[in-house]
Structures are given as structure tokens and as C-alpha cells.
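**Q**
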Amino acid sequence: MATDNLIAKLYASKKTILTTKDIALIWEETNTANLLAKIKYYAKQGSLTRLSRGIFAKDKEYDLKELSTSIYTPSYISFESVLRESGIIFQHHDATFVAGPYPMTKKIDGHMIIFRKLKDSILYNGLGIKKEDCYSMSTPERAFLDTIYLSPNFYFDNLRSINWERCFELVGIYENKQLVKRLKEYQNHAQ
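Heads up, the sequence shown is in our numbering, so the first residue is 273 and it goes up one at a time.
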């Protein structure tokens, strides 16, 4: 296959972040050695930007949320990132907060990404998770529950926009009686 076609195939994808697996699927390359050699060539040429091991951007205009959820699978944007966008907290954080399988902080291309570990039964449950173009993001209610699940005494600036009925529908996925109790306390405090 001509080399121009390989890059054209990557740019035809709507994704701004590509993992090695994504590239292998797009290029239909099954030989790992060939795949890595081609990726290395295009990264050296400047057609791909290596951001981290196995993670590449087509150019510098990539989506940070897409990058954040491409590092580990499964993962989704949650916690302070969603709460801030929803007006539930007012504190600004430069980091992107992600629910994932490992607790970790990574700095990639000047961006801080903070992963908070949730157990698999929660991570794999799609309730309260919105699928955006190339990443997943929790609803404000799911982000609220994720946060009070891991941080019982978290301070929220504005709980008026929380849909409490939706929270009580979602709380069962955590299988945690203390979380139900905490949720009721936050609801009483908000009213």
C-alpha cells in the first residue's frame, strides 16, 4: 500500500487521538513489527505526534478529553471535570479527572490527567455515561456519585442542578449502603 494512503486513512478517521491498536485496525496491519516500524517512520516524519507510549495524535489540535480516555480502557471523564462544567463546583482545576482501572497521575504534552480507580463493576456499568464522538463522559449525577463514593466529605458549591431522582436510580450500581446514606444527607443539605 502506498505510504500516502496510510496517512490518508488515519486522517479519514474522526478520532484526533490514535492508539497503536487503532492504527493497526485502520491500516489493517497484523504484523506487529511492520506496524511499529511504520508508526516510527511517520512519527519521525512528523505525520504523527507521539504523546505517550502507544498513543499518538494526528496533529497538535487534538481533543484533551479523547486523550484522557485513550490511556486506559475502560475509562470516562468524571469527578471535578464534569462537576465544574455542570456548575456544581466552582473551583478551577487545570487537570482532567478520569474514572479508570488504576489510580495514577500523568502529565502528557503539558496536560495533567488524574485517574481515580473505581472497581470494575462500576467502570463497566454504562448507566449515567454519555458517549461523545470519541470519548465517554459521565452525567453530572454519575460524576456526583463517583465523587462522594471516593470522597465522602467532598464540598459542593451548588447542588441545585442535581437531579436527585436520577441519583437514586444510579446509586445501586455502587452496591454500597453507606453511599445511599451519604446521598440522602447531601440531598437533605441541598434543600
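Where a beta carbon is used, it is the ideal one built from N, C-alpha and C, also for glycine.
Do T288 and K337 have their C-beta atoms closer together than 7 Å?
**A** no
**Q** Mapping DSSP to helix, strand and coil, what is A329?
**A** strand
**Q** Let's test the definition: count the other Cβ atoms within 10 Å of the Cβ of A415 and tell me whether it reaches 16, buried, or not, exposed.
**A** buried
**Q** Does the segment 423 to 431 come close enough to the segment 367 to 377 to have 3 or more Cβ pairs within less than 8 Å?
**A** no
**Q** Could you tell me the distance, in whole angstroms, from the CA atom of M273 to the CA atom of E300?
**A** Because M273 carries a pLDDT of 46, less than 50, the predicted location of this residue cannot be relied on, and the following value inherits that uncertainty. About 11 Å.
**Q** With which residues is H383 paired in a DSSP beta bridge?
**A** I380
**Q** Looking only at its chain, what residues have a beta carbon closer than 7 Å to the beta carbon of D224, apart from the 5 residues adjacent to it on each side?
**A** Nothing can be reported for residue 224: it is not among the residues displayed for the chain, which extend from 273 to 463.
**Q** Among the candidates T345, P346, I361 and L431, whose CA atom is the shortest distance from the CA of E352?
**A** I361
**Q** What does DSSP give as the partner residues of T291 in its beta bridges?
**A** I327
**Q** Leaving out the 5 sequence neighbours to the left and right, which residues in its chain are closer than 7 Å to T341 when beta-carbon positions are compared?
**A** S347, Y348, I349, V370, Y407 and S408
**Q** Taking only the alpha-carbon atoms, compute the straight-line gap between N306 and T291 and give it to the nearest angstrom.
**A** 16 Å
**Q** Measure the alpha-carbon distance for L451 versus H383 and round it to whole angstroms.
**A** 32 Å
**Q** Who does S319 pair with in a DSSP beta bridge?
**A** DSSP, once it has assigned bridges, lists no residue as partnering S319.
**Q** Under DSSP, the alpha helix (DSSP H) around T419 begins and ends at which residues?
**A** P412 to L422
**Q** Have a look at Y458, I445, E447 and R454 and flag the residue whose alpha-carbon is nearest the alpha-carbon of S433.
**A** Y458
**Q** Does the distance from the CB of F328 to the CB of L320 come in under 7 Å?
**A** yes
**Q** What does the Cβ neighbour count give for A462, buried or exposed, with the cut at 16 atoms within 10 Å?
**A** exposed
**Q** For G372, which three-state DSSP category applies?
**A** strand
**Q** Suppose you measure from the CA of E413 to the CA of R322; what does that come to, to the nearest Å?
**A** 35 Å
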